[in-house]
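Be aware that the sequence shown starts at 32, since it is given in the working numbering, and climbs by one per residue. Positions of the beta carbon are idealized from the N, C-alpha and C atoms, including for glycine. Since we're looking at a predicted model, the values are computed, not measured. These notes concern the structure reproduced below.
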Amino acid sequence: MRKKWVFTLSIVLLGVVMRATFTTIPVVIDNVAHSFGLPVSQLGILTTLPLLTFAIFSPTTSYVTRRFGMEKTLLGALLLVLLGSLLRVASASMLFVGTILVGIGIAFINVLLPATLVKFTPNKIGAYTSLYSTTMTLMTAIFQIIAVPITKTFSWQMLVVFLSVIVLLVVVTWILHMYVNVDLSANKRVQQADNKTEQVHPWRNKYAWAMLVMAGIQSAVFYTSIAWVPTVAQRTGLSATQAGWVIGVMSLIGIPASMWVPSFLERSNYKQRVRFMTGATSLWLIAIIMMYNTQAGLIWWLIVTSFIGLGGTAVFVYMVTSYAIRTRSPLESSALSGMAQTGGYLIAAGAPWAYGVLFAQLDSWFLQTTVMAVAIIIFIGLMWFVERDETIFE
32 MRKKWVFTLS IVLLGVVMRA TFTTIPVVID NVAHSFGLPV SQLGILTTLP LLTFAIFSPT
92 TSYVTRRFGM EKTLLGALLL VLLGSLLRVA SASMLFVGTI LVGIGIAFIN VLLPATLVKF
152 TPNKIGAYTS LYSTTMTLMT AIFQIIAVPI TKTFSWQMLV VFLSVIVLLV VVTWILHMYV
212 NVDLSANKRV QQADNKTEQV HPWRNKYAWA MLVMAGIQSA VFYTSIAWVP TVAQRTGLSA
272 TQAGWVIGVM SLIGIPASMW VPSFLERSNY KQRVRFMTGA TSLWLIAIIM MYNTQAGLIW
332 WLIVTSFIGL GGTAVFVYMV TSYAIRTRSP LESSALSGMA QTGGYLIAAG APWAYGVLFA
392 QLDSWFLQTT VMAVAIIIFI GLMWFVERDE TIFE
């Protein structure tokens with residue numbers, strides 16, 4: 032690459048928009064509902080819509096990429112995120128339309144980013160995965176912290192405009208990257224040749240199916256924890272403010288894992304990977320089991336959320352890094368990532384809802400928590416299974 036800094040800046044900014052563009056609005060959902068004259072209950076779907084769009088559109092990414100190429104497809108995805116983000120402030124109906132467009136764009140970005148690293152930085156996949164995953168974790172937490180002050184000082188619409196400006200910056204840097212680092216005509220010829228010679232069929236691959244289930248478990252436990260840990264913590268005696276602290280710890284404590292784990296995974300062998308990830312996943316499992324304590328205090332919950340943050344982030348990073356280091360080409364990476372994320376987000380979209388239904392019916396979280404613990408044990412078993420061969424598509 033002639034201008035590596037342009038590509039690096041693009042990756043950093045992509046890390047900002049990959050989560051903050053849809054996780055920030057729920058923080059100020061009361062303000063949004065009030066401005067449109069809607070009950071808050073009608074806006075609850077705003078947290079589910081992006082996950083559903085991830086599940087629906089992730090498998091289409093490889094087909095679109097074959098037609099238009101990776102760089103143009105990623106640019107189109109960013110433009111969708113920008114358009115959707117701006118539409119959200121127009122009206123109540125456009126709030127939902129815009130959220131769907133943001134979800135579609137991010138679905139493509141989620142799938143293409145590991146493949147992009149395989150193509151442009153094949154020898155530094157771990158470092159760049161660390162770069163965008165750390166940025167994603169940090170900026171998600173920061174925007175959740177500053178969302179309320181910005182909304183109180185200005186408005187929630189100004190908060191959305193601020194997010195949209197960041198998306199616009201990514202569009203500009205990615206276009207610049209395409210201009211200075213990519214020979215689009217040569218890229219098209221290579222893409223056409225690859226399409227003719229390389230055939231990838233993840234839906235026929237046993238390891239890809241295992242990765243799909245693993246992605247589902249990772250996403251389901253993560254999003255369910257985000258949604259319900261504060262409620263469960265308050266049921267054991269914590270105040271709403273204290274519950275906010277523990278969920279903030281869960282977000283921030285994962286940053287060290289997102290910084291270090293990708294590079295470790297890239298340079299480690301099979302035995303080192305599975306041993307380390309078994310330990311990290313076990314930490315996650317211990318945290319879920321600790322949720323059984325009905326008399327837990329603040330310190331107990333800080334330990335629980337610290338373990339969830341560290342273990343859960345390590346598991347997430349393991350998944351996104353595997354899409355790159357366990358495949359041999361950008362096409363394989365995007366195909367695997369698209370398939371795995373389809374199942375993952377489809378499962379994740381229903382998990383928090385199911386947890387809540389059982390919570391309301393049983394007035395307890397024991398059964399749901401047991402299901403989460405069993406799911407994590409299944410994840411560990413599947414991880415040992417998929418690590419048996421060097422690459423997914425042998």
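Between the beta-carbon of L82 and the beta-carbon of A379, is there less than 9 angstroms?
As a position in the sequence shown, residue 82 is number 51, starting the count at 1. As a position in the sequence shown, residue 379 is number 348, starting the count at 1. Result yes, Cβ atoms of L82 and A379 sit closer than 9 angstroms.
By the 10 Å Cβ neighbour count, where 16 or more other Cβ atoms means buried, how is K227 classified, buried or exposed?
The residue you call residue 227 lines up with position 196 of the sequence shown. Because the pLDDT at K227 is just 48, under 50, the model does not fix this residue reliably, and the point stays unresolved.
Spatial neighbours of F174 within its chain, please: CB distance less than 7 angstroms, with the 5 preceding and 5 following residues excluded, ordered by chain position.
Against the sequence shown, residue 174 aligns to sequence position 143. Answer for F174: A51 and T55, listed in chain order.
Take S353 as the anchor and find which of L148, T401 and M189 has the nearest alpha-carbon.
The residue given as residue 353 occupies position 322 in the sequence shown. For S353, the nearest C-alpha among the options comes from L148.
What would DSSP say about W396, mapped onto helix, strand or coil?
As a first step, residue 396 is located in the sequence shown; it is residue number 365 there, counting from the start. Three-state DSSP puts W396 in coil, outside helix and strand.
Using DSSP with H/G/I as helix, E/B as strand and the rest coil, what is I42?
Numbered from 1 along the sequence shown, position 11 holds the residue referred to as residue 42. In the structure shown, I42 sits in a helix (DSSP, three-state: H, G or I).
Where does the unbroken alpha helix (DSSP H) through H65 begin, and where does it stop?
Numbered from its first residue, the sequence shown carries residue 65 at position 34. Per DSSP, H65 belongs to the alpha helix (DSSP H) from I60 to F67.
So is N141 buried or exposed if we call it buried at 16+ other beta carbons inside 10 Å?
As a working mapping, residue 141 is identified with position 110 in the sequence shown. Flag for N141 reads buried.
Below 9 angstroms between beta carbons: does that hold for L207 and V277?
Stepping through the sequence shown from its first residue, residue 207 is reached at position 176. Stepping through the sequence shown from its first residue, residue 277 is reached at position 246. Not a contact, by the Cβ cut-off of 9 angstroms.
Is it the case that the Cβ atoms of A138 and F88 are separated by a distance below 9 angstroms?
Locating residue 138 in the sequence shown gives position 107, counting from the first residue. Locating residue 88 in the sequence shown gives position 57, counting from the first residue. Yes, they are a contact pair.
Just to confirm my understanding: we take V59, look at its own chain, exclude 5 residues before and 5 after, and list those with CB closer than 8 angstroms. What are they?
Residue 59 sits at position 28 when you count from the first residue of the sequence shown. Excluding sequence neighbours, V59 sits near A178, V179, T182, W187 and L190.
Could you pull the start and end residues of the alpha helix (DSSP H) that M167 belongs to?
Numbered from its first residue, the sequence shown carries residue 167 at position 136. Where M167 is concerned, the enclosing alpha helix (DSSP H) stretches over I156 to T184.
Could you check the C-alpha separation between Y94 and S161 for me, to the nearest Å?
As a first step, residue 94 is located in the sequence shown; it is residue number 63 there, counting from the start. As a first step, residue 161 is located in the sequence shown; it is residue number 130 there, counting from the start. Rounded to whole angstroms, Y94 to S161 spans 27 angstroms at the Cα level.
I need the DSSP call for A224, collapsed to helix, strand or coil.
In the sequence shown, residue 224 corresponds to position 193, counting from 1. Caution is warranted here: a pLDDT of 46 is assigned to A224, below 50, making its placement in the model unreliable, and the coordinate value is therefore given only provisionally. Three-state DSSP puts A224 in a helix.
From L117 to K302, what distance separates their C-alpha atoms?
Translated into positions along the sequence shown, residue 117 becomes position 86. Translated into positions along the sequence shown, residue 302 becomes position 271. Spanning the two alpha carbons is a distance of roughly 47 angstroms.
DSSP state of V120, grouped into three classes?
If you number the sequence shown from 1, residue 120 lands on position 89. Coil.
Considering only C-alpha positions, which residue in the set S368, N324 and A264 is nearest to M281?
The sequence position of residue 281 within the sequence shown is 250, counting from 1. Selected option, being the one with the closest Cα: A264.
Can you tell me whether G374 is helix, strand or coil according to DSSP?
On the sequence shown, position 343 is the one that residue 374 refers to. If DSSP states are grouped into helix, strand and coil, G374 belongs with the helices.
Quick check on DSSP: helix, strand or coil for M322?
Taking the sequence shown and counting its residues from 1, the one referred to as residue 322 is at position 291. Correct three-state label for M322: coil.
Please identify the residue among A258, G343 and H232 whose C-alpha is closest to the C-alpha of P57.
As a working note, residue 57 is residue 26 in the sequence shown. Checked all of A258, G343 and H232; the closest Cα to P57 is A258.
In chain order, what residues of the same chain have a beta carbon less than 7 angstroms from the beta carbon of Y159, not counting five sequence neighbours either side?
Translated into the one-based positions of the sequence shown, residue 159 becomes position 128. Excluding sequence neighbours, Y159 sits near I42, L148 and T152.
Which residues bound the alpha helix (DSSP H) around A355?
Position 324 of the sequence shown holds residue 355. It spans L329 to I356 - the alpha helix (DSSP H) in which A355 sits, taken as one unbroken run.
Quick check: what's the CA-CA separation for L45 versus R298?
Here residue 45 refers to the residue found at position 14 of the sequence shown. Here residue 298 refers to the residue found at position 267 of the sequence shown. Distance between the alpha carbons of L45 and R298: 24 angstroms.
Using only alpha-carbon positions, find the residue among E421, P361 and Q73 that is nearest to F127.
To locate residue 127, count along the sequence shown from 1; it is residue 96. Nearest option by C-alpha distance: Q73.
Cβ shell of V221 (< 6 angstroms), same chain only, five flanking positions each side left out
In the sequence shown, residue 221 corresponds to position 190, counting from 1. Legend: pLDDT at V221 = 47, less than 50; position of this residue unreliable, value from coordinates given subsequently. So the list is empty, once near-sequence residues are dropped.
Under the rule that 16 or more other beta-carbon atoms within 10 Å means buried, what is A419, buried or exposed?
Within the sequence shown, numbered from 1, the residue matching residue 419 stands at position 388. A small fix is needed here, since residue 419 is Arg in this sequence, not Ala. Exposed is the call here.
Shortest alpha-carbon distance to S360 belongs to which of G381, I156 and S270?
For the purposes of this step, residue 360 is taken as residue 329 along the sequence shown, with counting starting at 1. S360 has its Cα closest to that of I156, out of G381, I156 and S270.
Just checking, does the region 119-134 make contact with the region 32-40 on the three C-beta pairs under 8 angstroms criterion?
no
With DSSP as the reference, label E363 as helix, strand or coil.
In the sequence shown, residue 363 corresponds to position 332, counting from 1. Three-state DSSP puts E363 in a helix.
Neighbourhood of D343 by C-beta distance below 6 angstroms, restricted to the same chain and skipping five residues each side:
As a first step, residue 343 is located in the sequence shown; it is residue number 312 there, counting from the start. Just to set this straight, residue 343 is Gly in the shown sequence, not Asp. Excluding sequence neighbours, G343 sits near F253 and W315.
How many angstroms separate the CA atom of M49 from the CA atom of M370?
Residue 49 sits at position 18 when you count from the first residue of the sequence shown. Residue 370 sits at position 339 when you count from the first residue of the sequence shown. In a straight line, the C-alpha of M49 is about 18 angstroms away from that of M370.
Determine the DSSP secondary structure at P57, reduced to helix, strand or coil.
Mapped onto the sequence shown, residue 57 falls at position 26. Of the three classes helix, strand and coil, the one that applies to P57 here is helix, per DSSP.
Could you have a look at E297 and say whether DSSP puts it in helix, strand or coil?
Counted from its first residue, the sequence shown places residue 297 at position 266. Three-state result, E297: helix.
What are the start and end residues of the alpha helix (DSSP H) that includes T255?
On the sequence shown, residue 255 is found 224 positions in, with the first residue counted as 1. Residues K237 to R266.
Backbone secondary structure at F424 - three-state DSSP:
Taking the first residue of the sequence shown as position 1, residue 424 is located at position 393. Reduced to three states, the DSSP call for F424 is coil.
According to the neighbour-count rule (16 or more other Cβ atoms, all chains shown, within 10 Å of its Cβ), is F22 buried or exposed?
Past the edges of the chain, shown from 32 to 425, lies residue 22, and the structure says nothing about it.
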